[in-house]
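Read the structure below first, then the notes.
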Amino acid sequence: MGSIAYIARRLVYGVILLIGVLVLNFFLIHAAPGDPAETIAGAMGGATAEMMADIRAAYGLDKPLLTQLAIYLGRVAHGDFGMSYYFDQPVISLIAARVGPTVLLVLAAQLIAITLGVAMGVLAARKPQGLMSGFVAVVSTIGYAAPVFWTGILLIILFASIIPIFPVSGMTGARFSGGSAAYVVEVLYHLALPAFTLAIIFLAQYSRLSRASMIDVLGADYVRTARAKGLGEGKVVFKHALRNAVLPIITVAGIQFGNLISGALLVESVFNWPGMGRLAFDSVLRRDYPMLLGILFFAALMVVVANLLTDLSYRIADPRIRTGGR
Amino acid sequence: MDITRRLLLQSSAALAFAGSAFSFAVAADGKPGGSVVMVSTQSPRHLNPAVQSGAATAVPGAQIFASPLLYDADWKPHPYLAESWEVADDALSVTLHLVRDAKFHDGKPITSEDVKFSIETIKANHPFTTMYEPVSAIETPDEHTAVIRLAHPHPALLLCLSGALCPIIPKHVFGDGQDIKTHPANANPVGSGPYKLEEFTPGQKITLVRNPDFFLKDRPLLDRIIVTISNDPNAILLAVENGEADCYPFATASQDIKRLEKVDRLHVTDKGFEGIGAINWLAFNTGKAPLDDKAVRQAIGYAIDRNFITNALMRGVARAQRSPIIESSPFFNPKMPFYDHDLDKANKMLDEAGHKAGADGIRFKLTVDYIPGAPEQQEGVAQYLKSQLKKAGIDVEVRASPDFPTWAKRVSNFDFDMTMDAVYNWGDPVIGVHRTYLSSNIRKGVIWSNTQQYSNPKVDELLTQAAVENDPDKRKALYDEFQMIVGDDLPIYWINALPYHSAYDKEIAEFPESIWGTMQSMADTYWNKA
């Protein structure tokens, strides 16, 4: 099957999936008890019955649920995700301001997790019974078992209170005003702790996976052949073994993308990172339906795109898939 | 110019001079420059206090918009955008004389038309309907004079013209026919106050910059006020402790306050919250047995140890509160009964009320709700009530709500026995106190109305009289009597003033400590350090 047809088919699946996500989320959110008008009234400091009726009318909350869904889907088809009940601003512009930081955090964490995880796995695989292997196993298990908000708080205590070298909150300092180069440095400086916190869980998975996978590959015939040819150890490990051992990593990286985004939600809350996660959390509490639906849609979109890219990179890394195994 | 006009101007000049002492007291040594970073846990919906109550909007709102008057720490009004004012002898009108060269942030002049528009907008849209309800008309004889006509005397009016309760908003922006509640300019306002909006990222950050054309000479002094918003109290504390932020105006949790007090660099105070008058209380559903019986409510009052709540649960940072009127208000009646903790008395009263304990020691069961998200003030006290009231034979079930809307729905639909609540006085009893006790305000589905379903014709009469009584002493006497009656009827057991504290860098001078605190102009605030 040609690559283009394959991609087209995956795109169609993706769109169907996203519509399903929208409809399902719409009903799930409306099934939760609580009235957004109460939140708005509460935030206003109370409201009279007339004001409550006005609020419901203004946001279309007085219409039947299916009518609300039809109106919503119609708008989304035109790229209009509605107005946030709470902020009275277009959902799309509120999300647009936050997609960047979330993507940055998720990609940085993914990069750290894969790079460090694979390096640790490779080191451990070379001597499966060695000290390094045991160390990697322990670190991995702890990293995997510890919830991110706990790891995050520990890192905050360590690097902000005991050895105060990292900022604990936000993407830039409150007073920051500098040029674009200084801005990049400032953001990276603020990114370090949250990205590392998020990476820790996945670090465990990648290091264990690449360790197992490398042990497998290092025992394979072609590696023995490579060694027999007299190739240096570095070339054997990194050129022959790793390229094959990395395939399962790509698969898992794609699958983990959804988990990474949900992990980012917690990490963003702990580190006050200005991404979609914090907004999602607040929107749940505020019953801000359009905001929440928008965020869930974009999170789903990110996962769909990530999975598509995984499939494609898999095809590039392993020519057998591209050629149908011939 | 006719003679009356001239006289009027002379008197206003005199008044303006008297008032200027307040605003210019630090002119000699106030250093301009620098920025103040303020942290907040609350995320404002938008920045227009004309259609939105609450501190989250009021703090930035009071910097962006000027109000006609300022209130000081002694509950006295001072000139601000109105350089002088007169209350008519019959108390049926108040005339405001505006500063002559005041301009909005877009350079357009601030006129009496804008004052008229602002007050009419607030009257029609703000949740505090009693603030301007008696206003029958606003006349604008000239650009700088606004005459507020009243249907009946309204002694609360001057206070309603201060702080964030009366932002003067531009008619040429907000009067364009769009619905003001969802007006796009609410998030990007053209203001009249000392600071202009530079950036508003909802839920994250508000940056305000000095308004160089502010109508008060040499004000404001700071270049910037930056409000950073975080829903994580730990992140906020760390930021204040390590100097990333300079002030934290609404710290409430006792352990946070204790922690901030240990930081040498910081000054911690509970001044500046007299106006908001936030009271943490236990409300009874008086429409439901057995709480429809006054004796049962009083017995519960005796069973609770208010001092234990403030001293132990809240680590001594909260002040006990025994009245519907905040104890820092001039209207507070110190003769109010305290309901000194007395379990024997409580048990005896319940016996006498016909609620004998069964074999299991239980007289009856009650539920208590609480507002989620405020563990120390709300849930903690509710949990305490469960164990404490058991000693009086009352089996209390603590009923959690997953979020605010769920709680609000239960309480506003009278689906509760008892609930913890926190309700604000907002300066004058007419604004924040009457709503809870007037029988005309029993309105199903409306939160922070009289959800206790409390009804006492004498209370209705006293509050109605106090709302229109212009003589301060007579008005005080009416509120004194009102307090004694509700203190006896006890539809609510008031527990404590919310322990709001401000922590700010000691190098910050003239940090606002009037009754409105940071919910009023920070034009005088400056950095002592270079």
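Protein sequences appear in the order of chains A and B.
Per this note's numbering, the first sequence runs over residues 5 to 330.
Per this note's numbering, the second sequence runs over residues 576 to 1105.
All C-beta atoms, glycine included, are put in the ideal place defined by N, C-alpha and C.
Using a Cβ cut-off of 7 Å (strictly closer), state whether residue i contacts chain B.
{"i": "Thr176/A", "result": "no"}
{"i": "Gly86/A", "result": "no"}
{"i": "Val172/A", "result": "yes"}
{"i": "Asn29/A", "result": "no"}
{"i": "Pro37/A", "result": "yes"}
{"i": "Asp66/A", "result": "no"}
{"i": "Leu305/A", "result": "no"}
{"i": "Asp292/A", "result": "no"}
{"i": "Gln93/A", "result": "yes"}
{"i": "Glu272/A", "result": "no"}
{"i": "Pro278/A", "result": "yes"}
{"i": "Met42/A", "result": "Before going further, note that residue 42/A is Glu rather than Met in the sequence given. True, the Cβ-Cβ gap to chain B drops below 7 Å."}
Distance cutoff 7 Å, beta carbons only. Does residue i sit that close to anything in chain A?
{"i": "Asp1003/B", "result": "no"}
{"i": "Gln873/B", "result": "no"}
{"i": "Gly1020/B", "result": "yes"}
{"i": "Thr803/B", "result": "yes"}
{"i": "Asp978/B", "result": "yes"}
{"i": "Arg620/B", "result": "yes"}
{"i": "Thr616/B", "result": "no"}
{"i": "Ala726/B", "result": "no"}
{"i": "Thr981/B", "result": "yes"}
{"i": "Ser598/B", "result": "Below a pLDDT of 50, predicted positions are generally treated as unreliable, and Ser598/B, at 46, falls in that range; the measurement from the model is reported next regardless. Not one chain A Cβ lies under 7 Å of Ser598/B."}
{"i": "Asp807/B", "result": "yes"}
{"i": "Pro795/B", "result": "no"}
For residue i, which residues in the same chain have their Cβ closer than 6 Å to its Cβ, ignoring the five residues on either side in sequence?
{"i": "Lys961/B", "result": "Val971, Val973"}
{"i": "Thr715/B", "result": "Ser687, Glu688, Lys691, Ala721"}
{"i": "Ala666/B", "result": "Pro728, Asn1045"}
{"i": "Val943/B", "result": "Ala957, Leu960, Val971, Val973, Met993"}
{"i": "His621/B", "result": "Asn761, Ala762"}
{"i": "Ala1084/B", "result": "Tyr1101, Asn1103"}
Just grab the DSSP bridge partners of residue i for me.
{"i": "Lys780/B", "result": "Thr776/B, Thr803/B"}
{"i": "Pro652/B", "result": "Tyr646/B"}
{"i": "Val256/A", "result": "Answer is none; Val256/A lacks a bridge partner."}
{"i": "Val87/A", "result": "Inspection of the sequence shows that residue 87/A is occupied by Met rather than by Val. According to DSSP, Met87/A bridges with Pro94/A."}
{"i": "Thr567/B", "result": "Here chain B comprises residues numbered 576 to 1105, so residue 567/B is not present and cannot be evaluated."}
{"i": "Tyr1101/B", "result": "Ala1084/B"}
{"i": "Asp996/B", "result": "Trp856/B"}
{"i": "Pro684/B", "result": "Lys678/B"}
{"i": "Val309/A", "result": "Looking at the DSSP assignment, Val309/A forms no beta bridge with any residue, so it has no partner."}
{"i": "Cys822/B", "result": "Met613/B, Tyr1079/B"}
For residue i and residue j, which I take to be in contact (beta-carbon distance under 8 Å), what is that distance rounded to the nearest angstrom?
{"i": "Pro37/A", "j": "Leu65/A", "result": "Wrong, their Cβ atoms sit about 14 Å apart, outside the cutoff."}
{"i": "Pro635/B", "j": "Cys741/B", "result": "Rounded, the Cβ-Cβ distance is 16 Å, inconsistent with contact."}
{"i": "His1076/B", "j": "Ile832/B", "result": "5 Å"}
{"i": "Pro1066/B", "j": "Phe859/B", "result": "6 Å"}
{"i": "His701/B", "j": "Val626/B", "result": "6 Å"}
{"i": "Gly605/B", "j": "Tyr914/B", "result": "Rounded, the Cβ-Cβ distance is 47 Å, inconsistent with contact."}
{"i": "Gly1007/B", "j": "Met911/B", "result": "Gly1007/B to Met911/B, Cβ: 17 Å. No contact."}
{"i": "Ala878/B", "j": "Leu964/B", "result": "6 Å"}
Considering only residues of the same chain and omitting the five flanking positions on each side of residue i, which have a CB-CB separation below 7 Å?
{"i": "Glu317/A", "result": "The question names Glu, but residue 317/A is Ser in the sequence shown. Contacts found: Ile254."}
{"i": "Leu733/B", "result": "Leu644, Pro652"}
{"i": "Ser259/A", "result": "Before going on, a small fix: residue 259/A reads as Ile here, not Ser. Taken in chain order, the list of residues that qualify is empty."}
{"i": "Tyr1079/B", "result": "Asp821, Cys822, Leu841, His842, Phe1086"}
{"i": "Gly279/A", "result": "Arg102, Pro105, Thr106, Leu109, Ala268, Glu272"}
{"i": "Ile265/A", "result": "Val110, Ala303, Met306, Val307"}
{"i": "Ala602/B", "result": "At Ala602/B, the pLDDT of 48 sits below 50, so the modelled position is not reliable; the number obtained from the coordinates is stated separately. Around Ala602/B: Asp793."}
Starting from the C-beta of residue i, find all residues in its chain whose C-beta is less than 8 Å away, skip the five residues before and the five after it, and write them out in chain order.
{"i": "Ala677/B", "result": "Ala641, Leu656, Pro684, Ile685, Ser767, Phe790"}
{"i": "Glu927/B", "result": "Ala870"}
{"i": "Leu866/B", "result": "Phe859, Asn860, Arg872, Leu941, Asp992, Met993"}
{"i": "Asn882/B", "result": "Ala895, His916"}
{"i": "Arg13/A", "result": "none"}
{"i": "Val274/A", "result": "Val152, Phe153, Gly156, Ile157, Ile160, Pro198, Thr201"}
Contact between the region 278-289 of chain A and the region 69-77 of chain A is defined here as three or more beta-carbon pairs at a separation below 8 Å; is this criterion met? no
Does the region 297-315 of chain A come into contact with the region 84-95 of chain A, if we say contact requires no fewer than three beta-carbon pairs (one atom in each stretch) closer than 8 Å? yes
How about the region 211-218 of chain A and the region 118-132 of chain A: do they share at least three Cβ pairs that are nearer than 8 Å? yes
Give a yes or no on contact between the region 1035-1042 of chain B and the region 882-897 of chain B, applying the rule of three or more CB pairs nearer than 8 Å. no
Count the C-beta pairs between the region 834-850 of chain B and the region 977-986 of chain B that are closer than 8 Å, then say yes if the count reaches three, no if not. no
Should the region 989-999 of chain B be called in touch with the region 1051-1064 of chain B, which here means at least 3 C-beta pairs below 8 Å? no
Examine the Cβ distances between the region 235-244 of chain A and the region 177-184 of chain A and report whether three or more of them are shorter than 8 Å. no
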